[in-house]
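For the sequence shown, position 134 (counting from the first letter as 1) is numbered 134 according to UniProt numbering, and the numbering increases by one without interruption.
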Amino acid sequence: MSIATPSAGNATHPPQGLTPTHEQIVRHLRHASAVAERATLLGHHPFGAILVGPDQESVLMEQGNVDTVNHAEAVLARVAALNFTSQYLWSCTLYTTVEPCCICAGTAYWANIGRVVYGMTEARLLEATGNHAENPTMSVSSRYVFDHGQKAVELIGPVAKVEEEVLRVQRAFWAKR
1 MSIATPSAGN
11 ATHPPQGLTP
21 THEQIVRHLR
31 HASAVAERAT
41 LLGHHPFGAI
51 LVGPDQESVL
61 MEQGNVDTVN
71 HAEAVLARVA
81 ALNFTSQYLW
91 SCTLYTTVEP
101 CCICAGTAYW
111 ANIGRVVYGM
121 TEARLLEATG
131 NHAENPTMSV
141 SSRYVFDHGQ
151 KAVELIGPVA
161 KVEEEVLRVQ
171 RAFWAKR
């Protein structure tokens with residue numbers, strides 16, 4: 001698992017608050033993976049995201065993938081921004097099965113979600129899906145997106161303990177497409 005150094009904070013973006021434990025990270029990523037599997041039962045791609053409150057325990061929202069434009073993380077971040085203050089969201093954590101693409105990282109950034117945790121990299125997703133017309137991955141890391149903003153979103157991932165589980169779900173889904 002790689003962990004980015006969190007922001008020291010400033011007047012508009014204080015430190016993210018409580019840091020999730022490794023046990024919380026693994027549990028919440030497995031929850032996001034269950035959301036991804038549920039999305040496949042609805043005919044959607046296997047991506048899932050959850051938003052956890054500042055206490056690092058309370059699951060505030062969950063979202064499966066909708067389509068190629070409405071990714072789980074982006075939809076979740078947009079709805080969260082409509083329902084919570086930006087100050088509150090800065091102390092929340094978005095957990096997602098796969099590293100957020102540039103759409104999702106940008107939407108989390110603009111929603112002011114202060115921490116993002118993912119199970120598997122976008123590069124591993126490309127290995128699992130190949131050059132699939134339904135999943136044209138981009139070689140733009142979420143770290144790159146966050147590093148080009150004016151606030152330090154904490155990024156944690158990939159998480160080795162769940163990476164193979166996430167990869168298994170992806171491979172099973174894309175093998176049937």
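Heads up, the beta-carbon is just placed ideally off N, CA and C, and yes, glycines get one too.
Since we're looking at a predicted model, the values are computed, not measured.
Helix, strand or coil: how does DSSP classify residue i here?
| i | result |
| --- | --- |
| residue 87 | helix |
| residue 115 | strand |
| residue 53 | coil |
| residue 18 | coil |
| residue 94 | strand |
| residue 59 | strand |
| residue 157 | coil |
| residue 149 | coil |
| residue 106 | helix |
Who are the near neighbours of residue i in its chain, counting only those whose CB is closer than 7 Å to its CB and skipping five residues on each side?
| i | result |
| --- | --- |
| residue 150 | none |
| residue 100 | 73, 108, 116, 118, 142 |
| residue 18 | 54, 55, 56 |
| residue 166 | 33, 97, 98, 119, 120 |
Quick one: using the 10 Å Cβ neighbour count with 16 as the cut-off for buried, is residue i buried or exposed?
| i | result |
| --- | --- |
| residue 95 | buried |
| residue 41 | exposed |
| residue 22 | exposed |
| residue 144 | exposed |
| residue 115 | buried |
| residue 97 | buried |
| residue 28 | buried |
| residue 20 | buried |
Are the beta-carbon atoms belonging to residue i and residue j less than 9 Å from one another?
| i | j | result |
| --- | --- | --- |
| residue 129 | residue 87 | no |
| residue 24 | residue 90 | no |
| residue 68 | residue 122 | no |
Skipping 5 residues on each side, what residues in its chain have a beta carbon closer than 8 Å to that of residue i?
| i | result |
| --- | --- |
| residue 132 | 174, 177 |
| residue 62 | 31, 32, 35, 48, 49, 50, 51, 76 |
| residue 65 | 36, 39, 44, 45, 46, 47, 48, 71, 72 |
| residue 163 | 119, 120, 124 |
| residue 92 | 51, 52, 53, 54, 60, 80, 84, 113, 114, 115 |
| residue 57 | 24 |
Apart from the five residues on each side of it in sequence, which residues of its chain come closer than 6 Å, Cβ to Cβ, to residue i?
| i | result |
| --- | --- |
| residue 140 | 102 |
| residue 178 | Residue numbering for the chain in the displayed model covers 1 to 177; residue 178 lies beyond these limits and cannot be assessed. |
| residue 11 | Because residue 11 sits at a pLDDT of 43, beneath the cut-off of 50, its placement in the model cannot be relied upon, and the point is left open. |
Pop quiz: residue i and residue j are said to be a contact at Cβ under 8 Å. What is the actual Cβ separation, rounded to whole angstroms?
| i | j | result |
| --- | --- | --- |
| residue 78 | residue 105 | Actually they are not in contact, since the Cβ atoms of residue 78 and residue 105 sit about 14 Å apart, beyond 8 Å. |
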